[in-house]
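2 protein chains.
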Amino acid sequence: MNLSSAHPLSDGRTTRSPLVRALRGERPDSIPVWFMRQAGRSLPEYLAAREGVAMLDSCLDPALASEITLQPVRRHQVDAGIFFSDIVVPLRLADVDVDIAPGVGPVLGEPVRTPADVDRLLEKTLTDEALQPIRDAVALTVAELGSTPLIGFAGAPFTLAAYMVEGRPSRDHLGARRMMHTDPESWARLTTWAADVTGTFLRAQVLAGTSAAQLFDSWAGSLSLADYVAHVAPSSARALTHVQDLPVPVIHFGTGTGHLLPAMRDVGADVVGVDYRTPLDEANAMLGGTTPLQGNIDPALLGAPWPVLEAHVRDVVERGRTAPAHVVNLGHGVPPDTDPTVLTRVVELVHSLPA
Amino acid sequence: MNLSSAHPLSDGRTTRSPLVRALRGERPDSIPVWFMRQAGRSLPEYLAAREGVAMLDSCLDPALASEITLQPVRRHQVDAGIFFSDIVVPLRLADVDVDIAPGVGPVLGEPVRTPADVDRLLEKTLTDEALQPIRDAVALTVAELGSTPLIGFAGAPFTLAAYMVEGRPSRDHLGARRMMHTDPESWARLTTWAADVTGTFLRAQVLAGTSAAQLFDSWAGSLSLADYVAHVAPSSARALTHVQDLPVPVIHFGTGTGHLLPAMRDVGADVVGVDYRTPLDEANAMLGGTTPLQGNIDPALLGAPWPVLEAHVRDVVERGRTAPAHVVNLGHGVPPDTDPTVLTRVVELVHSLPA
Numbered sequence: 064m065n066l067s068s069a070h071p072l073s074d075g076r077t078t079r080s081p082l083v084r085a086l087r088g089e090r091p092d093s094i095p096v097w098f099m100r101q102a103g104r105s106l107p108e109y110l111a112a113r114e115g116v117a118m119l120d121s122c123l124d125p126a127l128a129s130e131i132t133l134q135p136v137r138r139h140q141v142d143a144g145i146f147f148s149d150i151v152v153p154l155r156l157a158d159v160d161v162d163i164a165p166g167v168g169p170v171l172g173e174p175v176r177t178p179a180d181v182d183r184l185l186e187k188t189l190t191d192e193a194l195q196p197i198r199d200a201v202a203l204t205v206a207e208l209g210s211t212p213l214i215g216f217a218g219a220p221f222t223l224a225a226y227m228v229e230g231r232p233s234r235d236h237l238g239a240r241r242m243m244h245t246d247p248e249s250w251a252r253l254t255t256w257a258a259d260v261t262g263t264f265l266r267a268q269v270l271a272g273t274s275a276a277q278l279f280d281s282w283a284g285s286l287s288l289a290d291y292v293a294h295v296a297p298s299s300a301r302a303l304t305h306v307q308d309l310p311v312p313v314i315h316f317g318t319g320t321g322h323l324l325p326a327m328r329d330v331g332a333d334v335v336g337v338d339y340r341t342p343l344d345e346a347n348a349m350l351g352g353t354t355p356l357q358g359n360i361d362p363a364l365l366g367a368p369w370p371v372l373e374a375h376v377r378d379v380v381e382r383g384r385t386a387p388a389h390v391v392n393l394g395h396g397v398p399p400d401t402d403p404t405v406l407t408r409v410v411e412l413v414h415s416l417p418a
Numbered sequence: 064m065n066l067s068s069a070h071p072l073s074d075g076r077t078t079r080s081p082l083v084r085a086l087r088g089e090r091p092d093s094i095p096v097w098f099m100r101q102a103g104r105s106l107p108e109y110l111a112a113r114e115g116v117a118m119l120d121s122c123l124d125p126a127l128a129s130e131i132t133l134q135p136v137r138r139h140q141v142d143a144g145i146f147f148s149d150i151v152v153p154l155r156l157a158d159v160d161v162d163i164a165p166g167v168g169p170v171l172g173e174p175v176r177t178p179a180d181v182d183r184l185l186e187k188t189l190t191d192e193a194l195q196p197i198r199d200a201v202a203l204t205v206a207e208l209g210s211t212p213l214i215g216f217a218g219a220p221f222t223l224a225a226y227m228v229e230g231r232p233s234r235d236h237l238g239a240r241r242m243m244h245t246d247p248e249s250w251a252r253l254t255t256w257a258a259d260v261t262g263t264f265l266r267a268q269v270l271a272g273t274s275a276a277q278l279f280d281s282w283a284g285s286l287s288l289a290d291y292v293a294h295v296a297p298s299s300a301r302a303l304t305h306v307q308d309l310p311v312p313v314i315h316f317g318t319g320t321g322h323l324l325p326a327m328r329d330v331g332a333d334v335v336g337v338d339y340r341t342p343l344d345e346a347n348a349m350l351g352g353t354t355p356l357q358g359n360i361d362p363a364l365l366g367a368p369w370p371v372l373e374a375h376v377r378d379v380v381e382r383g384r385t386a387p388a389h390v391v392n393l394g395h396g397v398p399p400d401t402d403p404t405v406l407t408r409v410v411e412l413v414h415s416l417p418a
């Protein structure tokens with residue numbers, strides 16, 4: 064399936080952007096940079112826009128989600144917008160009882176732990192109609208962004224399943240990791256459902272106008288390589304089949320995944336996001352030198368004196384030059400207490416460096 | 064300095080135990096096994112003993128700490144006791160305002176973030192007198208344990224510093240990781256102080272009768288190798304100098320540390336603990352085939368049906384045979400909801416396998 068002729072990648076608006084070129088493994092004229100969680104709590108204009116609006120409600124209000132997506136692009140002159148959403152948004156749209164509790168994270172009304180729980184979950188579907196606010200928000204945003212690409216956003220099935228099994232954020236995801244071994248059939252049904260829901264959510268964003276897509280597997284780093292390959296990779300690959308026929312590059316990211324990078328590429332990603340723990344030259348070597356990389360500024364250093372941060376950013380860029388292409392980003396999301404002027408300065412620095 | 068003639072390693076009580084032999088790289092007649100957090104919430108007798116007693120108070124009551132340490136040895140017939148304590152106990156004994164909030168973890172009254180905060184911290188010392196309840200608890204315990212060795216316990220300086228900087232548990236330890244780059248001088252003073260306090264705490268346990276010692280760096284996995292080597296390894300090495308002259312083997316453990324195993328050995332550990340993410344044959348290869356290993360049953364599988372868990376334990380033991388010696392353990396602590404009869408069965412299985 065092709066994108067519509069009005070899509071930014073079809074009408075050429077974003078095709079030659081530094082971000083899209085780098086994600087395709089080309090060498091653009093300037094080094095592209097954006098920040099995971101750039102739209103969020105580090106920006107006073109975000110806090111003002113969100114005032115009195117619950118997190119998931121803000122994701123489902125097209126005008127508000129679009130405004131929040133655009134704020135960091137205006138402010139920092141980053142090379143991409145990242146669609147403002149949350150990985151549990153497609154669950155909510157599929158009528159799963161989920162909310163985001165402030166200071167806690169996603170909380171499920173009914174955790175999914177038994178075969179019967181999975182049966183009940185599988186009665187829920189994500190309809191095309193439910194996705195209308197998502198399409199509207201993307202369309203509003205890409206109209207404003209012009210030649211700056213928008214990146215679509217979805218959570219990987221394992222991370223979604225971990226929230227559904229635990230019922231809330233957890234450190235080690237013991238329940239989910241236990242279920243994949245204890246009841247592999249229920250695990251497969253749960254993650255297949257999650258793959259189709261999150262893949263459908265991502266596809267809707269791409270068709271509505273995003274020029275790239277990122278799959279976040281926030282908790283994949285809790286897995287051994289063997290467990291990842293046997294119990295997680297199949298559903299992540301399935302999620303990506305939903306956008307495989309679309310000509311947009313796909314980025315795949317998780318934290319603490321230094322031991323999983325090739326496996327995370329091999330589910331069907333074009334670009335691998337690298338957290339701050341693994342230097343990019345090492346990541347590139349692990350990946351055989353053929354995969355564009357994204358990352359990996361240490362978010363802890365955003366609060367360091369500028370000379371310390373500058374030296375670190377320059378080091379990240381230098382190591383990134385070993386890869387076929389490199390999109391500068393953080394190795395994890397922007398911490399809420401980050402001074403946003405520092406992010407702007409990082410963008411200026413990256414753009415001043417030779418491509 | 065030698066151990067006293069009444070020490071279990073001097074009078075021979077534990078010298079030939081499977082645990083001590085394996086930790087020294089020998090091949091004992093049976094495979095030793097114990098569990099991190101074996102003394103704790105998975106045992107009804109622990110919940111009964113702790114009823115109405117705050118966590119840190121229980122650590123500082125010699126009779127109670129000893130009883131709690133002994134409970135899992137009696138019940139499971141494990142090859143070692145692990146001294147019941149908490150990594151923040153030496154901070155409390157040095158008069159730092161710290162408590163363990165139920166459901167949260169260690170909470171500091173005054174986080175340590177500025178040079179002035181570090182100045183104030185450095186006025187505090189851990190006196191020999193303050194360690195008397197620790198010595199008493201260890202002495203009571205080793206008298207009861209007979210030929211079963213007791214393992215001493217202390218937190219590594221980075222993990223202690225992470226709690227002190229953040230003031231409470233955190234996911235990414237941004238404050239501590241920022242401080243090591245932003246104010247390396249204060250960071251060095253803070254971690255040097257922590258190294259001496261935790262090293263003194265560990266030494267007191269060893270001199271009072273433990274036959275081994277384990278340094279826990281719970282949060283080391285949040286670090287890149289470069290940061291670990293530059294900003295953490297020196298203080299961990301300093302902590303271990305406090306027991307270096309004593310003839311007890313030292314185990315060093317952290318989670319998510321697959322990329323740090325050789326560096327964690329090279330601070331002065333004899334044995335490396337491996338979390339559940341890295342198969343032991345891979346860990347052994349990373350370490351050059353000369354280091355005894357401890358680990359690495361996945362705690363998530365303690366809740367799996369017995370055939371699944373049994374196959375996993377057998378696989379861990381087989382991979383452990385590639386190393387010079389192997390102490391079976393979990394790859395992280397016992398989850399609170401673990402059925403203790405499962406742990407007993409794991410011990411029986413491990414003891415039934417050929418050494």
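Chains as they are written, first to last, in this note's numbering: chain A, 64 to 418; chain B, 64 to 418.
Backbone N, C-alpha and C define an ideal beta-carbon position, used for all residues, glycine too.
Within the region 316 to 336 of chain B, the residues whose Cβ lies closer than 7 Å to some Cβ of chain A are Gly319, Gly321, His322, listed in chain order. The region 152 to 160 of chain B makes contact with the region 168 to 177 of chain B, as at least three CB pairs between them are under 8 Å. Collapsing the DSSP output to three states places A/Phe316 in a strand. A/Ile314 and B/Thr407 have their C-alpha atoms roughly 45 Å apart.
Residues of the region 167 to 185 of chain B with a C-beta atom less than 8 Å from some C-beta of chain A do not occur.
Collapsing the DSSP output to three states places A/Leu127 in a helix. Apart from sequence neighbours up to five positions away, the residues of its chain that approach B/Ala276 with a beta-carbon distance below 8 Å are Ile214, Gly215, Phe216, Ala217, Leu265, Gln268, Val269, Val306, Val311, Pro312, Val313, Ile314, ordered along the chain. Put simply, the region 190 to 204 of chain B touches the region 125 to 134 of chain B. At least three CB pairs are less than 8 Å apart. Per DSSP, the unbroken alpha helix (DSSP H) holding A/Ile197 starts and ends at 195 to 208. Not a single C-beta of chain A is nearer than 8 Å to the C-beta of B/Asp92. In the structure shown, B/His389 adopts extended strand secondary structure according to DSSP, grouped into three states. By the C-beta criterion, the region 293 to 305 of chain B is judged not to be in contact with the region 354 to 361 of chain B, since fewer than 3 inter-stretch pairs fall below 8 Å.
Judged by their CB atoms, B/Ser121 and B/Val397 are not nearer to each other than the 8 Å cut-off.
Taking a C-beta cut-off of 7 Å against chain B, the contacting residues of the region 214 to 247 of chain A are Asp235, Leu237, Arg240, Arg241, His244, Thr245, listed in chain order.
Between the C-alpha atoms of B/Val380 and B/Trp369 there is a straight-line separation of about 16 Å. Annotated as distal: A/Leu86 and A/Val410, with beta-carbon spacing of 8 Å or more.
Nearest to A/Ala251 by alpha-carbon distance, out of A/Phe221, A/Asn359, A/Val413, A/Gly383, is A/Phe221. B/His395 has a beta carbon lying within less than 8 Å of a beta carbon in chain A.
Within the region 365 to 387 of chain A, contact with chain B at the beta-carbon level (separation under 7 Å) is assigned to Gly366, Ala367, Pro368, Val371. Sequence-distant Cβ neighbours of B/Leu194 in its own chain, meaning closer than 8 Å and more than five residues away, are Leu156, Thr263, Phe264, Ala267.
Per DSSP, the beta bridge partners of A/Asn359 are A/Asn392. Cα atoms of B/Val413 and B/Ile360: separation of roughly 12 Å, rounded to the nearest angstrom.
Taking all protein chains shown into account, A/Val167 has fewer than 16 neighbouring C-beta atoms within 10 Å of its C-beta and is therefore exposed. Neighbourhood of B/Pro398 in chain A, by CB distance below 7 Å: Leu237, in chain order.
Taking a contact to require three or more Cβ pairs closer than 8 Å, the region 283 to 292 of chain B and the region 333 to 348 of chain A qualify as touching.
Look at B/Ala346: its C-beta is not under 8 Å from any C-beta on chain A.
By the rule that beta-carbons nearer than 8 Å mark a contact, B/Ser249 does not touch chain A. Cβ neighbours of B/Gly321 within its own chain (closer than 7 Å, five residues either side excluded): Arg340, Thr341. Sequence-distant Cβ neighbours of B/Met118 in its own chain, meaning closer than 6 Å and more than five residues away, are Ile163. Cβ neighbours of A/Gly238 within its own chain (closer than 6 Å, five residues either side excluded): Val228, Glu229. Within chain A, no residue has its CB atom less than 8 Å from the CB of B/Ser105, the nearest being about 13 Å off.
The C-beta of B/Gln134 has 16 or more other C-beta atoms within 10 Å across all chains shown, which makes the residue buried.
Not a single CB atom of chain A sits nearer than 8 Å to the CB of B/Arg266.
Closer than 8 Å to the CB of A/Arg340 there is at least one CB belonging to chain B. Interface flag for A/Ala363 against chain B is set, since a Cβ pair is found closer than 8 Å. A residue is called buried once 16 or more other Cβ atoms fall within 10 Å of its Cβ, and A/Arg79, having fewer, is exposed.
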